[in-house]
Amino acid sequence: MHSPQHLWADAAMIAAIVIFATIGDVMIAAAMRAIGDLDDIKAARGLSGAILAVLGSLRFVSGVFFMALSFFSLLFALSHADLSLVAPASASLTFVTNAVAAKIFLHENVDRRRWIAAVFVCAGVILMAH
Amino acid sequence: MTFRRYLVLGVVAVTAPLGDTLLSAGMQTIGPVSLHHLSLLIYAVRTPQILMGIALLIAFFASYLASLSWADLTYVLPATSIGNVIVALLARFWRHEQISPARWMGILLITAAVGFVARGPSYTVTNNEASASELAAAGSAPDARRPS
Chain A
11 MHSPQHLWAD
21 AAMIAAIVIF
31 ATIGDVMIAA
41 AMRAIGDLDD
51 IKAARGLSGA
61 ILAVLGSLRF
71 VSGVFFMALS
81 FFSLLFALSH
91 ADLSLVAPAS
101 ASLTFVTNAV
111 AAKIFLHENV
121 DRRRWIAAVF
131 VCAGVILMAH
Chain B
-12 MTFRRYLVLG
-2 VVAVTAPLGD
8 TLLSAGMQTI
18 GPVSLHHLSL
28 LIYAVRTPQI
38 LMGIALLIAF
48 FASYLASLSW
58 ADLTYVLPAT
68 SIGNVIVALL
78 ARFWRHEQIS
88 PARWMGILLI
98 TAAVGFVARG
108 PSYTVTNNEA
118 SASELAAAGS
128 APDARRPS
């Protein structure tokens, strides 16, 4: 049986992974939306032009930085808590927080269909970890 | 959504689990890497399985970015989750591992979720983009985006 301190520590580590991953995903999605259709950019400026357009975006670079923070938080959490808890909990929670963040910050039309999908994926990931 | 774009989403779904599996298989041939022997990691990059794994993960990231440039995050993410299903099916039919009823239920839920989202619109047109599109139609904004 885990002590309350352990439970809080596990929850804090999972929260760090989820928050960093959500910020990273939303920033990368916002960057790609601002840059525009990569197929069009590639057609106009070639592959190197498309790569430069992506790498030149501060939002994209910041997003990658937060994804890296999430990855290192995951590594840190794995050295303290069980993989069977941390991996499915963080992966499934990230689906729900991403749906909320996409609605608030990216103004995506997260309709009932997408909410149900986020909850189904969340439940599915938990079930598959068993 | 064109057939080509569905193909890009397919690449997103398939390359991530295959890349992870190849990295895992490659690292198992190397064995545990201690902090005192980090040079082993450079050797690890030269093994064919790890090289292929890295190539697949680069392909994943490139196609993930491309898909986010013409589809919503909440449309693309369920597609990435189908990777979990692919890994489980590979484990069942290729590696002949047993899959518990709970895992089959998980596979069913994720597949249903992807089906739900795929039947809906892929891209939310914001007010700014809608007005830019109208200007483009009038011939004054040639670079406006036309979501499909």
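Protein chains in written order, with the numbering used here: chain A, 11 to 140; chain B, -12 to 135. Just so you know, even glycine gets a beta-carbon here, dropped at the ideal spot from N, CA and C.
**Message:** Just to make sure I have the definition right: I need the residues of chain A whose C-beta is within less than 7 Å of the C-beta of P136(B). Which are they?
**Reply:** The structure shown does not extend to residue 136(B), since chain B spans only -12 to 135, so no value can be given for it.
**Message:** Run through chain A and tell me which residues come within less than 7 Å of V104(B), C-beta to C-beta.
**Reply:** Translated into the one-based positions of the second sequence, residue 104(B) becomes position 117. For V104(B), the neighbours in chain A by C-beta distance under 7 Å run, in chain order, R123, R124 and A127.
**Prompt:** What residues from chain B crowd round V36(A), counting only those whose CB sits closer than 9 Å?
**Reply:** Walking along the first sequence from the start, residue 36(A) turns up at place 26. Going along chain B in sequence order, the residues near V36(A) (Cβ under 9 Å) are L60.
**Asked** Among the residues of its own chain, which have a CB less than 7 Å from the CB of D59(B), if the five just before and after it don't count?
**Response** For this step, residue 59(B) is matched to residue 72 along the second sequence. Result list for D59(B): S109, Y110 and T111, in chain order.
**Request:** In the DSSP assignment, find the unbroken alpha helix (DSSP H) run with P88(B) in it and report its ends.
**Result:** On the second sequence, position 101 is the one that residue 88(B) refers to. Unbroken alpha helix (DSSP H) run through P88(B): P88 to A105.
**Item:** Nearest residue (CA-CA) to A26(A), options G66(A), L48(A) and L85(A)
**Value:** Against the first sequence, residue 26(A) aligns to sequence position 16. The residue with the shortest Cα to Cα distance from A26(A) is L85(A).
**Request:** Check whether the Cβ of H90(A) lies closer than 8 Å to any Cβ atom in chain B.
**Result:** If you number the first sequence from 1, residue 90(A) lands on position 80. Residue contact with chain B for H90(A): absent (no Cβ-Cβ distance below 8 Å to any residue of chain B).
**Asked** chain B partners of G134(A), CB-CB under 9 Å?
**Response** Position 124 of the first sequence holds residue 134(A). Per Cβ cutoff of 9 Å: S68, N71, V72, M92, G93, I94, L95, L96, I97, T98, A99 and A100.
**Prompt:** How many Å lie between L48(A) and H16(A) at the Cα?
**Reply:** Locating residue 48(A) in the first sequence gives position 38, counting from the first residue. Locating residue 16(A) in the first sequence gives position 6, counting from the first residue. The C-alpha of L48(A) lies about 46 Å from the C-alpha of H16(A).
**Message:** Taking the straight line between their C-alpha atoms, what separation do you get for S54(B) and L(-4)(B)?
**Reply:** The count along the second sequence starts at 1 and reaches residue 54(B) at position 67. The count along the second sequence starts at 1 and reaches residue -4(B) at position 9. Spanning the two alpha carbons is a distance of roughly 7 Å.
**Inter-residue CB distance, A99(B) and F82(A) (contact presumed, cutoff 8 Å)** = Residue numbering aside, residue 99(B) sits at position 112 when the second sequence is read from its first letter. Residue numbering aside, residue 82(A) sits at position 72 when the first sequence is read from its first letter. Between the beta-carbon of A99(B) and that of F82(A) there is about 34 Å, and that puts the pair past the 8 Å contact cut.
**Request:** Compute the distance between the beta-carbons of V74(A) and S102(A), then report whether it is under 8 Å.
**Result:** Sequence index remark: in the first sequence, residue 74(A) carries index 64 (1-based). Sequence index remark: in the first sequence, residue 102(A) carries index 92 (1-based). Cβ distance not < 8 Å, so V74(A) and S102(A) don't count as in contact.
**Prompt:** Using a beta-carbon distance cut-off of less than 7 Å, what residues from the stretch 51 to 67 of chain A approach chain B?
**Reply:** Those residues of the stretch 51 to 67 of chain A that come within reach of chain B (Cβ to Cβ, closer than 7 Å) are V64.
**Asked** Can you check whether the CB of A109(A) is closer than 8 Å to the CB of L69(A)?
**Response** In the first sequence, the residue the question calls residue 69(A) occupies position 59. In the first sequence, the residue the question calls residue 109(A) occupies position 99. Sequence inspection shows Arg at residue 69(A); the Leu mentioned does not correspond to that position. Taking 8 Å as the cut-off, the beta carbon of R69(A) is found no closer than this to the beta carbon of A109(A).
**Asked** With C-beta atoms as the reference, is F105(A) less than 8 Å away from C132(A)?
**Response** As a working note, residue 105(A) is residue 95 in the first sequence. As a working note, residue 132(A) is residue 122 in the first sequence. Yes, they are a contact pair.
**Asked** Apart from the five residues just before and just after P129(B), which ones in its own chain have a Cβ nearer than 6 Å to its Cβ?
**Response** Position 142 of the second sequence, counting from 1, holds the residue named residue 129(B). Per-residue confidence for P129(B) stands at a pLDDT of 47, beneath the threshold of 50, marking its modelled position as unreliable; no derived number is given.
**Request:** Could you tell me whether any non-hydrogen atom of the ligand NAP is closer than 7 Å to the CB of A97(A)?
**Result:** This structure simply doesn't include the ligand NAP, nor any ligand for that matter.
**Message:** Quick check on the burial criterion: 16 or more other C-beta atoms within 10 angstroms. Buried or exposed for V8(A)?
**Reply:** Nothing about residue 8(A) can be reported from this structure: the residues present for chain A run from 11 to 140 only.
**Request:** Could you check how far apart the C-beta atoms of L64(B) and L5(B) are, in whole angstroms? I think they sit under 8 Å.
**Result:** On the second sequence, position 77 is the one that residue 64(B) refers to. On the second sequence, position 18 is the one that residue 5(B) refers to. Not confirmed; about 19 Å, so no contact.
**Message:** I want to verify the contact list: residues of chain A whose CB lies under 7 Å from the CB of S109(B), in sequence order.
**Reply:** By 1-based counting over the second sequence, the position of residue 109(B) is 122. Within chain A, no residue comes near S109(B); the closest Cβ sits about 11 Å away, beyond 7 Å.
**Message:** Give me, in chain order, the residues of the same chain whose beta-carbon lies closer than 8 Å to that of G59(A); leave out the 5 immediate sequence neighbours on both sides.
**Reply:** Looking up residue 59(A) in the first sequence gives position 49. Setting aside the 5 residues that flank it on each side, G59(A) is surrounded in the same chain by I51 and K52, each with a C-beta closer than 8 Å to its C-beta; the list follows chain order.
**Prompt:** Should R124(A) be labelled buried (16 or more other beta-carbon atoms within 10 Å of its own) or exposed?
**Reply:** Here residue 124(A) is taken as the residue at index 114 of the first sequence, counted from 1. In the assembly as shown, R124(A) is a buried residue. Its beta-carbon has 16 or more other beta-carbons within 10 Å.
**Message:** Using the three-state DSSP reduction, which class does R33(B) fall into: helix, strand or coil?
**Reply:** Position 46 of the second sequence, counted from the start, is the residue given in the question as residue 33(B). In the three-state reduction of the DSSP assignment, R33(B) falls in the coil class, being assigned neither a helical nor a strand state.
**Asked** Where L10(B) and F30(A) are concerned, what is the direct C-alpha to C-alpha distance, given to the nearest angstrom?
**Response** Against the second sequence, residue 10(B) aligns to sequence position 23. Against the first sequence, residue 30(A) aligns to sequence position 20. L10(B) and F30(A): Cα-Cα distance of roughly 24 Å.
**Nearest to W91(B) (by Cα), restricted to the options V72(B), F80(B) and L22(B)** = Start at 1 with the first residue of the second sequence, and residue 91(B) comes out as number 104. Nearest option by C-alpha distance: V72(B).
**Request:** Give the residues of chain B in contact with A112(A), contact being defined as C-beta atoms less than 8 Å apart.
**Result:** Here residue 112(A) is taken as the residue at index 102 of the first sequence, counted from 1. Near A112(A) (Cβ distances below 8 Å), the residues of chain B are D59, L60 and T61.
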